[in-house]
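To keep things clear, I will list the structure first and then write my remarks on it.
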Amino acid sequence: SMSFEPIGIGGNQSYVDTHDNATPKSVGAENTVGKSKKSKSNLFRCGLCDVFSTFHKSSLIRHMRTAHEEKDITYACDICPKVYRSKMLLQEHIRGVHEKRYRCSQCPKALCTASGLRRHEEFIHNGSMPHTCVLCDKKFRDMQDLEGHINNIHRKYAPFSCGKCNKMYHHRKSLSEHKVTCQGMRRFQCRVDQCQKVFETRAGMNDHERAKHSRDFPYKCDKCEKKFSWRSSLAKHRMSEGH
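Positions 1 to 243 (full-length UniProt numbering) are the ones given, in order, by the sequence shown.
See the structure below:
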């Protein structure tokens with residue numbers, strides 16, 4: 001059974017978390033007493049006089065009672081540093097955070113929520129792996145794990161992704177070929193014998209044929225005598241030369 005310790009730390013309440021990386025958190029509308037801070041060495045300091053300090057929360061509360069006349073009664077959790085204005089709020093906190101009422105029927109594990117129990121049974125005992133990577137068919141228990149896998153393994157090496165099904169590819173050509181079937185896009189294949197290059201647009205196909213299969217250089221810089229097979233090459237030239 002849980003026991004409750006009534007303490008007095010003022011009408012606008014706060015608590016100081018004793019975890020290493022925690023910061024003071026306000027429970028009231030105005031954090032008057034709640035500016036008490038904890039140093040890296042677990043030292044609690046009074047936020048009202050900034051003189052008193054202690055390693056114990058109870059000593060800080062006692063100091064506030066006597067030195068600053070903070071007499072209002074609140075209720076403190078005897079398991080963690082949180083304090084509440086009413087016993088009902090404290091009981092709700094204990095039930096939701098500290099009382100693990102949902103027990104697994106297959107192992108000694110107990111959890112705070114029914115959804116947590118279902119998740120535990122599904123992943124641990126049923127071996128459920130409902131989320132599958134579309135790139136390598138590897139399975140994961142939850143979407144967060146799947147997204148981490150894709151970002152860490154595939155996205156670094158497969159930057160080209162389909163906007164419809166999210167499949168990713170290492171090369172733009174592979175993505176273009178995929179889009180033909182996935183998105184119903186028209187494909188334009190190079191008309192030169194033995195060349196299997198495929199393009200999403202006719203202009204792309206024409207540029208390829210001129211650059212790779214002929215000596216035609218139709219794109220000429222109007223500032224100099226240089227000629228180019230590709231429009232993009234001419235544009236890059238103009239930018240680099242300041243034309």
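Ideal Cβ positions, reconstructed from N, Cα and C, are used throughout, including at glycine. Bear in mind that the values here come from a model prediction, so they are computed numbers and not experimental data.
For S174, the secondary structure class from DSSP, reduced to helix, strand or coil, is helix. Below 8 angstroms, enough C-beta pairs join the region 90–108 and the region 116–125 to call them touching: three or more.
Closest in C-alpha terms to K164, from the list S115, R155, H178, comes H178. One thing to note: F188 has its Cβ no nearer than 7 angstroms to the Cβ of L175. V198 is bridged by DSSP to Q189. As the crow flies, the alpha-carbon of R141 is around 10 angstroms from that of R119.
Counting the other CB atoms within 10 Å of its CB gives I79 a total below 16, which places it among the exposed residues.
The shortest C-alpha to C-alpha distance from K87 to any of Y75, M239, R62 is the one to Y75. Within its own chain, the residues whose Cβ lies closer than 7 angstroms to the Cβ of T113, once the five positions on either side in sequence are excluded, are Y102, listed in chain order. In the three-state DSSP reduction, K57 falls in the helix class (H, G or I). C-alpha of D207 to C-alpha of C182: approximately 25 angstroms in a straight line. Relative to the Cα of G204, the nearest Cα in the group E99, R231, Y219, V180 belongs to R231. At a Cβ-Cβ threshold of 7 angstroms, V198 and K167 do not count as neighbours. Between S53 and R45, the CB-CB gap stays under 7 angstroms.
Burial check for K57: the Cβ neighbour count within 10 Å reaches 16 or more, so the residue is buried.
By the criterion of a C-beta distance shorter than 8 angstroms, Y219 is surrounded in its chain by K227, F228, S229, W230, R231, S233, L234, once the five residues flanking it on both sides are discounted. The straight-line gap separating the alpha-carbon atoms of H213 and Y169 is approximately 27 angstroms. A direct Cα-to-Cα measurement between M239 and C221 gives close to 11 angstroms. For the pair Q91 and L111, the Cα-to-Cα distance works out to about 17 angstroms.
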